[in-house]
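Taking it in order: structure first as structure tokens, then the write-up.
Residue numbers (UniProt numbering): 1 to 243.
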């Protein structure tokens, strides 16, 4: 790809970020929601076997499919995104990285995912969903940041219901979320027949409360969960740190 062609894929106001992985880059708009460390942690936690198909629900700028394409030998990665402009930006990142044969970005609503795709089609489903309930501190429900952070366009029920329909029997579901909603998450996963199998907490520092939790579930599996060793992000707080 020539420098002129690369430049044509990046619009005014956007930036190109080096993912420090196999030369991959990602187009992002600083005025919208940019990916954080949670996406990186999720991509490390996910297990994708060679030849498997993966759906990323609420893919945003496509960071999860792009990372998984380098970290796993999955055959096909699909990102589902409801915001047309964000989905279009993700498609440009796919083109930029020459991943068109492995990654497809689909514009659509998570609540209608089972109608968009074939039932029981995917081996793996991943999601880095909005962490906060819709009513929690919401200011502008139409902004890209609000859609990414609050359950404006979809709820936990929507994600799990559609995942149950789209996963093959014993298919795997992966999610990163906030620990304060863990009880709700576990109850709803059980309700939708996605049995929690692995949990891993992420701590900012060893003496602080966990900030995030990674969860693996298996559709139609028996009840048995493993809590993996915690991830500690930093050895010690920076000078002047306040929680």
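From the three backbone atoms N, C-alpha and C, an ideal C-beta is built for every residue, glycine too.
Out of 155, 34, 205, 220, the CA that lies nearest to the CA of residue 112 is found in 155. In its chain, beyond the 5 residues on either side, no residue has a beta carbon closer than 6 Å to the beta carbon of residue 229.
CA-CA distance, residue 29 to residue 210, rounds to 29 Å. DSSP, reduced to helix, strand and coil, places residue 37 within a helical segment of the structure shown.
In the structure shown, residue 228 falls within a coil segment according to DSSP collapsed to helix, strand and coil.
The beta carbons of residue 69 and residue 125 sit no closer together than 7 Å. Rounded to the nearest angstrom, the gap between the Cα atoms of residue 208 and residue 8 is 45 Å. Where residue 125 is concerned, the enclosing beta strand (DSSP E) starts and stops at 122 to 127.
Setting aside the 5 residues that flank it on each side, residue 10 is surrounded in the same chain by 16, 27, each with a C-beta closer than 7 Å to its C-beta; the list follows chain order. CA-to-CA, the gap between residue 56 and residue 191 works out to about 21 Å. Boundaries around residue 183 are those of the alpha helix (DSSP H), 182 to 191, since no beta strand (DSSP E) includes it. Rounded to whole angstroms, the gap between the alpha carbons of residue 214 and residue 224 is 16 Å.
For residue 219, the enclosing beta strand (DSSP E) starts and ends at 212 to 219. Between residue 195 and residue 218 a beta carbon distance of about 6 Å is seen, short of the 8 Å cut, so the two are scored as contacting. The continuous beta strand (DSSP E) containing residue 78 extends over residues 76 to 81. In the DSSP assignment, residue 197 falls within the unbroken beta strand (DSSP E) covering 194 to 203.
A Cβ-Cβ distance of about 13 Å is found for the pair residue 59 and residue 116, leaving them out of contact under the 8 Å criterion. Secondary structure at residue 10: coil, using DSSP grouped into helix, strand and coil. According to the DSSP assignment, residue 158 belongs to the alpha helix (DSSP H) that extends over 156 to 166.
Residue 64 and residue 197 have their C-alpha atoms roughly 21 Å apart.
Its chain contains 202 as the residues whose beta carbon lies nearer than 6 Å to that of residue 231, once the 5 sequence neighbours on both sides are disregarded; these appear in chain order.
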